[in-house]
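Residue numbers (this note's numbering), protein chains in the order written: chain A, 5 to 611; chain B, 197 to 495.
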Amino acid sequence: MKELLKFITCGSVDDGKSTLIGHMLYDSKLIFADQERALELESKVGSTDGALDYSLLLDGLMAEREQGITIDVAYRYFTTSKRSFIVADTPGHEEYTRNMAVGASFADAAVILLDATKGVLVQTRRHTRICSLMGIQDFIFIVNKMDLAEYQESVFLSIEKELKQFIEIFPHNTMTVIPVSATVGDNITKASEKMPWYQGLPLLSYLEELELNRSGKEEDFILPVQRVSRPNHTFRGFQGQVEEGSLRLGEEITVYPSGEHAKVARLLAAGADTEEIVKGQPVTICLDKEIDCSRGCVITKHQVPELENMFQVTMLWMDDAPLVEGKEYICKLGTKRIPARIVKIEYKIDVNSGEQVSAERVMKNEIIVCTLLTTEKIVFRQFSENKALGGLILIDRITNMTSACGVVERAIKHLDNLSWQVTDITKELRERQLGQKAATLWFTGLSGSGKSTLANALEIKLTEMGKHTMLLDGDNIRLGLNRDLGFSEEERRENIRRIAEVAKLMNEAGLIVLTAFISPFAEDREMARSIIGDDFVEIYISTPVEECERRDVKGLYKRARTGELQDFTGISSPYEVPVHPDILLDTSHDTVERSVSCLLKELKEFL
Amino acid sequence: MKTLSHLDKLEAEAIYIIREVAAECEKPVMLYSIGKDSSVMLHLALKAFYPEMPPFPFLHIDTTWKFKEMTQFRDRKAKELGINMLVYTNEEGVKAGINPFDHGASYTDIMKTQALKQALNHYGFTAAFGGGRRDEEKSRAKERIFSFRNAEHAWDPKNQRPEMWKLYNTQINKGESIRVFPLSNWTENDIWQYILRENIDIVPLYFAKVRPVVYRDGNIIMVDDDRMRLFPGEEIQMKKVRFRTLGCYPLTGGIESDADTLEAIVEETLGAVNSERTSRVIDHEATGSMERRKREGYF
Numbered sequence: 005m006k007e008l009l010k011f012i013t014c015g016s017v018d019d020g021k022s023t024l025i026g027h028m029l030y031d032s033k034l035i036f037a038d039q040e041r042a043l044e045l046e047s048k049v050g051s052t053d054g055a056l057d058y059s060l061l062l063d064g065l066m067a068e069r070e071q072g073i074t075i076d077v078a079y080r081y082f083t084t085s086k087r088s089f090i091v092a093d094t095p096g097h098e099e100y101t102r103n104m105a106v107g108a109s110f111a112d113a114a115v116i117l118l119d120a121t122k123g124v125l126v127q128t129r130r131h132t133r134i135c136s137l138m139g140i141q142d143f144i145f146i147v148n149k150m151d152l153a154e155y156q157e158s159v160f161l162s163i164e165k166e167l168k169q170f171i172e173i174f175p176h177n178t179m180t181v182i183p184v185s186a187t188v189g190d191n192i193t194k195a196s197e198k199m200p201w202y203q204g205l206p207l208l209s210y211l212e213e214l215e216l217n218r219s220g221k222e223e224d225f226i227l228p229v230q231r232v233s234r235p236n237h238t239f240r241g242f243q244g245q246v247e248e249g250s251l252r253l254g255e256e257i258t259v260y261p262s263g264e265h266a267k268v269a270r271l272l273a274a275g276a277d278t279e280e281i282v283k284g285q286p287v288t289i290c291l292d293k294e295i296d297c298s299r300g301c302v303i304t305k306h307q308v309p310e311l312e313n314m315f316q317v318t319m320l321w322m323d324d325a326p327l328v329e330g331k332e333y334i335c336k337l338g339t340k341r342i343p344a345r346i347v348k349i350e351y352k353i354d355v356n357s358g359e360q361v362s363a364e365r366v367m368k369n370e371i372i373v374c375t376l377l378t379t380e381k382i383v384f385r386q387f388s389e390n391k392a393l394g395g396l397i398l399i400d401r402i403t404n405m406t407s408a409c410g411v412v413e414r415a416i417k418h419l420d421n422l423s424w425q426v427t428d429i430t431k432e433l434r435e436r437q438l439g440q441k442a443a444t445l446w447f448t449g450l451s452g453s454g455k456s457t458l459a460n461a462l463e464i465k466l467t468e469m470g471k472h473t474m475l476l477d478g479d480n481i482r483l484g485l486n487r488d489l490g491f492s493e494e495e496r497r498e499n500i501r502r503i504a505e506v507a508k509l510m511n512e513a514g515l516i517v518l519t520a521f522i523s524p525f526a527e528d529r530e531m532a533r534s535i536i537g538d539d540f541v542e543i544y545i546s547t548p549v550e551e552c553e554r555r556d557v558k559g560l561y562k563r564a565r566t567g568e569l570q571d572f573t574g575i576s577s578p579y580e581v582p583v584h585p586d587i588l589l590d591t592s593h594d595t596v597e598r599s600v601s602c603l604l605k606e607l608k609e610f611l
Numbered sequence: 197m198k199t200l201s202h203l204d205k206l207e208a209e210a211i212y213i214i215r216e217v218a219a220e221c222e223k224p225v226m227l228y229s230i231g232k233d234s235s236v237m238l239h240l241a242l243k244a245f246y247p248e249m250p251p252f253p254f255l256h257i258d259t260t261w262k263f264k265e266m267t268q269f270r271d272r273k274a275k276e277l278g279i280n281m282l283v284y285t286n287e288e289g290v291k292a293g294i295n296p297f298d299h300g301a302s303y304t305d306i307m308k309t310q311a312l313k314q315a316l317n318h319y320g321f322t323a324a325f326g327g328g329r330r331d332e333e334k335s336r337a338k339e340r341i342f343s344f345r346n347a348e349h350a351w352d353p354k355n356q357r358p359e360m361w362k363l364y365n366t367q368i369n370k371g372e373s374i375r376v377f378p379l380s381n382w383t384e385n386d387i388w389q390y391i392l393r394e395n396i397d398i399v400p401l402y403f404a405k406v407r408p409v410v411y412r413d414g415n416i417i418m419v420d421d422d423r424m425r426l427f428p429g430e431e432i433q434m435k436k437v438r439f440r441t442l443g444c445y446p447l448t449g450g451i452e453s454d455a456d457t458l459e460a461i462v463e464e465t466l467g468a469v470n471s472e473r474t475s476r477v478i479d480h481e482a483t484g485s486m487e488r489r490k491r492e493g494y495f
C-alpha cells in the first residue's frame, strides 16, 4: 500500500526550482515519452547550445513562458516504488506570495531552494515564514548550484549554520539541509560523487523516507458536518470527513454547539457500511435519535470543544482591495460559514524580516495579527492543534473574492465588551414598520455640480411620498460629530468613514439616508460602500467642471484660481470619476425639478 | 490506527469536494463524457451520498459523433443506476451540417464548447463537475479545483482565486458559474488502479478487440459508421486495438494492443510511454492550444 506525500517547492526567481523538479522527474524516467520529445523541441528553440532546459516541463501558462517566470502554482505528479508524490511548484516573486500560500496550504512538507553562491536571502526567510504559517512542519532546504561554488563543504556549512539559527523561531518545525546541483543532477535522485563530505540522503530518498502522520497525543474524534443526508423519512445521516481520531458503532457522541448527545447507530465510510471510521475518511454517521445537527456543526466524542466568537488570528491578506476594518466579510472555518469582521488590527508582520510593525493600511500579500469577531459563537481549535478547525478564509460579500486566509492563534475572552449584540428587532422589521427599504443615496461630484441642491429637493419629494429620510450635510457633520477633524488626508478619510458608519446606523434604523459630499477619491467611496453594504447607492452628478465653475455659487472656484484655496477639487486636486456609478446624472441642461424626477425614476430599483 | 493509502486519500478528497458543492452550490450538475474519468467521477458521486442518490443531475454533451458503444453504455448506465441523465446537442450545429471532417477546430468549438455553454445556460446550472485532471496538460496543471467562469463562460488564468486548505469559496454572482474538478490530483495511473480496485464498469472500447480502423497521420481511427470519410489511398483494416481516451470517433486515435482485461490495461498503462492526450487529435494544433480553448470556455 503506497502512501501519498504532498510537498511544495519554493525559492526565489532564479534559484532553479523548475529545473530541480524537471530534473527529478527526468532522472526518475517518469516523464512520458511524447512530453519529453516536446521538451527537446521547445528547449532547442529556447537555448543556444541545444541543452535540455528542464524547467520547460513545468512552466505551464503561456504568459509565464513568455515572461520566463512562474506566476501560479503548478501541480506535478510522480510515483516511485515507495511513494506517490504531488509537487506544488510555486512562484518566488514577492508579488505572488498569495499563490505561494495556496501551494503551502496544500502541502505536508516544504522544499525550499537557496543559491549556494548567494546564501540565505530575504526570500528564503519569507518563504519559510509563509510555509510555517500555513501549517507545514517539515522543511527541506536545498542549497542549489553547488557546482558554481566548486562543491566546497565550507560554503555549505556556513549556509547550514545560518539556517539552523533562523529555524529556531519556528518551534514546531523540523529541518534538513541538502547540497545539490539541479542542472548537473547532484544529490537529486542519487548521491553526488563530487560531494563525498555530505553524509545525508539525496533529496528523493529523503522524501521517500520522511515520516508521515506523526501524532504524539491521544486524539479525540472530530467531524465537522458537511451535509445532512435525508433522502426519505427513515434515513438521516451526517456527512463529513473525519478530521481527528476514530469512532466505533455504539459509541456516544456529542454535537456542538447544541451539546446534545446520541449513540452511533450506523456508520458508512466512502459509501460502505463499516464498524469503525478513522481520520481522513469521508463518512456518513447515523444516530439512534433525532438531535439538532446541521451543516457547520461539529460531532465529537469526549472533549468539550471551545465555543467562542472573538479570536486572535494571524492572517495573510490576499485581495487587491485593501483590508477595511469593521467591514463585514463571510468567514469560512471548517464547514461553517458565518459573517465576521476584523475589529482590530494589532500589528503587521514584516514578511521579510519577521518584525512587528504598526499597521495603518493592509495591502495584498501582507501578514497581520488581528482580532476577528464572528456574529455567533463557533466551534474552533488552535490551528497548531487542528488545521481543519483552526484555518479560515474571509470572502468579500460584494466581489466574492477570497480576501484573506488566516489561522486561529487563540480565543479572546470578552474583556473589552466588544461583543456584537444581536437585537430582537431587526432592520427588516424596522423597514417593514416604516413601509420602505433603507438605502444610502451617496451623491458624489464636483463642488457646484448640484449635489446638495438635488439631495435637498429629492428629500422633499421623498418626504411628500411618505418616506422617512435623513440628509447628512457636510458642514453640519463637521460642526458636530467630526468637530475634532481637520483636512489632512488621514482626517479626510476618517471624516468619510464616520459618515459612512452613521449612514449605516440610520439604515439599520430603516431610514433612507442622503449624503452630499464631494468624496473625490474612488478609494474612499469604496470604503463607504464596504461599510454600508448592499444599501449603498452611488449617485454621480457628472456636471462638467466648466459648468460648475461658471455657476461658482460660493465663489470657491475663483479663490482656487487665484491660489487662495489650496488642493481644490477639480482645479488643483483630482476628482476620480466613478467607473460604475449606480446612477449618473448631468445637471447642465436640466431644471432641478426635471433632474429630481429623473432621479426618482432611476431610484425605483433601489427603494 | 489505520492509515489511508494514496488511493484512499484521493477518493476522500474527491468525495469532500463533491459533497461541498452539493451543500453550498445552488444548482450543480455533473458532466458525464462517458469516458473512464467520468465513470470514476460517477462512481465517487454514488459513494459520496449513498444510500441517498446523488442530489444533482448528470449532463452529456452529445456531438452526434460519439462511438455507438459510448451512447449505448450511457443509456444503459443511466437506466441501471436510476440517475437523471440529461443529453444535450447543439441542434443548430446539426442543422448546419457541422462535422469533424469539413470543419476541423470549429467543429469542436460549435459542437462541444458552444453546446456546453448553451446547455449550462439552458438549464441554469451554477456549478458543473468535470473530470479534468492536472496531469493531462500543462495549462490544467495550474488550474484550481474550483475554477470560475464569467457570464461568457471564459476562464481568466491570471486572476484565479486563492484556494486555501480545503476551504473552497463557492460564492458567485448572477450569471457566473463554477467548474469543479474533483479528480484534479489524480493521474492516469490512479484512475486505472481505482477502476481495478473498485471494479468500475467502463465502456468496452477501452478493452482491446479486433475493430475496423484506418491509419491517418500517425493515428489509428476507428470506422464506427458509414459517415466516416476515407481519404484517397486509405483502406479499412481489421486490427486489435483499444482506446486510452474516448471522444468523437473520427477525432480519437486508438492504439494497437492485446490488453483485453482490466489487469492487462493497468499493466500496459503503468509502463506507458505515450501520455494519453497524444491520441486526442485537437491538442496537437499548437503549443498552448488547450489553454486558449479554455479561456474561450472549453471545459
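All C-beta atoms in this analysis are idealised placements derived from N, C-alpha and C, irrespective of residue type, glycine included.
According to DSSP, is residue i helix, strand or coil?
i: A/Val181; result: strand
i: A/Val347; result: strand
i: A/Leu607; result: helix
i: A/Met474; result: strand
i: A/Val268; result: strand
i: B/His349; result: coil
i: A/Trp321; result: strand
i: B/Met307; result: helix
i: B/Asp397; result: coil
i: A/Met199; result: coil
i: B/Ile341; result: coil
i: A/Thr23; result: helix
Cutting at 8 Å between CB atoms, please list the residues of its own chain near residue i, excluding the five before and the five after it.
i: B/Glu431; result: Val410
i: A/Lys283; result: Glu223, Val246, Glu247, Glu248, Gly249, Ser250
i: A/Pro343; result: Glu332, Tyr333, Ile334, Cys335, Thr378, Thr379
i: A/Val79; result: Correcting the residue identity first, residue 79 of chain A is Tyr in this sequence and not Val. Counting only Cβ-Cβ distances below 8 Å, and skipping sequence neighbours, we find Ile90, Val91, Ala92, Asp93.
i: A/Lys562; result: Asp556
i: B/Lys529; result: Since the first residue of chain B shown is 197 and the last is 495, residue 529 of chain B is not available in this structure.
i: A/Cys602; result: Leu589, Asp594
Who are the Cβ neighbours of residue i in its own chain at under 7 Å, not counting the five residues just before and after it?
i: A/Thr52; result: Any reading at A/Thr52 is ruled out, since the residue's pLDDT is 45, under 50, leaving its predicted position unreliable.
i: B/Cys444; result: Thr259, Trp261, Lys262, Pro296
Assuming residue i contacts residue j (C-beta within less than 8 Å), just tell me the rounded distance between them.
i: A/Gly249; j: A/Val302; result: Going by Cβ atoms, the distance from A/Gly249 to A/Val302 rounds to 12 Å, so no, they are not a contact pair.
i: A/Thr318; j: A/Glu413; result: 6 Å
i: A/Leu253; j: A/Leu271; result: 6 Å
i: A/Ala520; j: A/Ala459; result: 4 Å
i: B/Val236; j: B/Ile387; result: 6 Å
i: B/Pro378; j: B/Ala218; result: That belief does not hold up - the Cβ atoms of B/Pro378 and B/Ala218 are roughly 11 Å apart, past 8 Å.
Identify, in the order they occur along the chain, each residue of the same chain with its Cβ nearer than 6 Å to the Cβ of residue i, setting aside the five sequence neighbours on each side.
i: B/Thr322; result: Cys221, Glu222, Lys223, Ser373
i: B/Ile416; result: Val409, Val437, Gly449, Gly450
i: A/Met367; result: Pro326
i: B/Trp382; result: Leu206, Arg329
Is it the case that the CB of residue i approaches a heavy atom of the ligand GDP more closely than 7 Å?
i: B/Ile387; result: This structure does not include the ligand GDP; it has no bound ligands of any sort.
**Q.** Segment contact flag, the segment 567-574 of chain A with the segment 499-515 of chain A, C-beta cutoff 8 Å, min 3 pairs
**A.** no
(Q) List, from N- to C-terminal side, the beta strand (DSSP E) runs of 3 residues or more that fit wholly inside the segment 68-134 of chain A. (A) 78-83, 87-93, 113-119
Q.
Quick check for students: name the residue ranges of the alpha helix (DSSP H) that lie wholly in the segment 214-247 of chain B, counting only runs of 4 or more.
A. 232-245
Q. Quick one: any contact between the segment 547-559 of chain A and the segment 484-495 of chain A, if contact means 3 or more CB pairs under 8 Å?
A. no
Q. In chain order, which alpha helix (DSSP H) runs of at least 4 residues are fully inside the segment 248-292 of chain A?
A. none
Q. How do the segment 115-129 of chain A and the segment 8-26 of chain A stand: do at least 3 beta-carbon pairs fall below 8 Å, yes or no?
A. yes
Q | Contiguous beta strand (DSSP E) assignments of at least 3 residues, all confined to the segment 409-464 of chain A | A | 443-448
Q. Of the residues that make up the segment 416-440 of chain B, which ones have a beta carbon closer than 7 Å to any beta carbon in chain C?
A. Any reference to chain C falls outside this structure, whose protein chains are A and B.
Q) What are the uninterrupted segments assigned as alpha helix (DSSP H) that are 4 or more residues long and contained completely in the segment 494-569 of chain A, given in chain order? A) 526-536, 549-555, 560-565
Q) Given 8 Å as the limit, is there contact between the segment 124-133 of chain A and the segment 228-243 of chain A, that is, 3 or more CB pairs closer than that? A) no
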